[in-house]
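Below: the structure, in structure tokens.
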Amino acid sequence: MANTTGRSGDVAYYVNNIHGDVTHLTGQEGQILNAYTYDAFGNTLSAREQRVNPFRYAGEMQDALTGHYYLRARFYNPLIARFTQEDTYRGDELNLYAYVANNPIRYVDPSGYMCEVKGETCTIPKDKVVKEYDVVPYRLTTGKYGLENHHGVMNGLNKMYRDILHL
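Each residue of the sequence shown is one higher than the one before, counting from 1 in the UniProt record's numbering.
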């Protein structure tokens, strides 16, 4: 994914860790423009920015005013490590505000509905199912990962937002 600003069309490229966190933005010559570190639940520990960037923890968009992350179905607040709205799916969990079963090292939740296990099949509740995928390497030389289903490998875990780079 690239970040383009202004009329000059300057391009910056996103660098993500295996969790999907944006760790750097680099310029066209490979120079580091932005650098970020996070704790396990997405609180920013350090940020050095030369360029405006809304995508941060887990590659998600962070609201500049509240600091919450937008996960399409609801907002996640890293300070309290919880969602700010109830989960619409009434599953086995008693806590309808929990984020990734309180295990952000192992899980991600790109939809805001249900956490996914990296490297394993993710199944969403039947009323929310679109497709079932396996996260697999699709180019071993680049270390990128993709989603595999009956159509083959698609480029990117969330092709609208990011590729996960194995650093």
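The C-beta atom is built at its ideal place from N, Cα and C for all residues, glycine as well.
| said: Please return the same chain residues whose Cβ sits closer than 6 Å to the Cβ of H19, not counting the five positions on each side in sequence. | reply: none
| query | Under the three-state reduction of DSSP, which class applies to A101: helix, strand or coil? | reply | helix
| task | Below 8 Å on the Cβ atoms is my guess for A12 versus R51; work out the distance and round it to an integer in Å. | result | 6 Å
| query | Out of curiosity, what's the CA-to-CA distance linking E132 and P110? | reply | Per-residue confidence for E132 stands at a pLDDT of 40, beneath the threshold of 50, marking its modelled position as unreliable; the derived number appears in the next sentence. Straight-line Cα distance between these residues: approximately 14 Å.
| task | Kindly indicate which three-state DSSP category Y113 falls into: helix, strand or coil? | result | coil
| K57 in three-state terms, based on DSSP | Checking the sequence shown, residue 57 turns out to be Tyr, not Lys. The answer is helix: DSSP assigns Y57 an H, G or I state.
| query | Out of P54, A73, Y69 and A58, which has the shortest C-alpha to C-alpha gap to Y107? | reply | A58
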